[in-house]
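Enquirer: Numbering (our numbering), first residue to last: 72 to 275.
Where a beta carbon is used, it is the ideal one built from N, C-alpha and C, also for glycine.
Computed from a predicted model, the values in this text were never measured in an experiment.
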């Protein structure tokens, strides 16, 4: 036997887990349409250069030594924050991504006749993006119901017949429909932006 609210929570958690698994698969689409821009590694290199410069200045005895020591400490902390502790030498910042593109040629009328013009087309504007999600879950089963300490308690009754379900008030059938929240419109806006970029390159 189980409390009714616990029963609902278990079903809800299962649906959430399924959606999270699908979300991880959907995130792999980023590898299809985007590539690493390597900006985070450039940032780390800049910090390394700044640290080297400060260390050289600290070798001199100047009145601003204390201030520079504090600056060195700050830069060291910033660099440490960038490093991935699990993989030394790599950054744990989110990667900057850029859209993968292909060069396609379009005919264009010019004073010299028809010429071919290259347009850099984002793959995300060419290949349809399909993302899966759990849209609806229905759970229906015969349950035995009873109240204990002002709490609704349920138990599964696999052997209960349909006639018994109809004739006994202590047995019920429950149907639960769970619909997840709608996906954010960010992806649509992103694709629209790349579509506009593509249209600006295509000759009229």
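(1) Between which two residues does the beta strand (DSSP E) carrying residue 207 extend?
(2) With contact counted as at least three CB pairs below 8 Å, one residue from each stretch, are the segment 184 to 201 and the segment 211 to 222 in contact?
(3) Going by DSSP, what residues sit across from residue 79 in a beta bridge?
(4) Can you check DSSP and say which residues form a bridge with residue 179?
(5) Compare the beta carbon distance of residue 190 and residue 272 with 8 Å and say whether it is the shorter of the two.
(6) Anyone know if the C-beta pair for residue 105 and residue 175 falls short of 8 Å?
(7) Residue 178: buried (16+ other C-beta within 10 angstroms of its C-beta) or exposed?
(8) Measuring only the C-alpha atoms, how far is residue 240 from residue 98?
(9) Name the one or two DSSP bridge partners that residue 59 has.
(10) To the nearest angstrom, how far is it from the Cα of residue 180 to the Cα of residue 258?
(11) Could you compute how far the alpha carbon of residue 270 sits from the alpha carbon of residue 192?
Expert: Reading it off the structure:
(1) Neither: residue 207 is in no beta strand (DSSP E) and is coded neither H nor E.
(2) no
(3) In DSSP, residue 79 forms no bridge with anything.
(4) 186
(5) yes
(6) no
(7) exposed
(8) Low confidence applies here, because residue 240 scores a pLDDT of 46, under 50, leaving its location unreliable; read the following figure in that light. Each residue's Cα considered, the two are about 48 Å apart.
(9) The structure shown does not extend to residue 59, since the chain spans only 72 to 275, so no value can be given for it.
(10) 35 Å
(11) 9 Å
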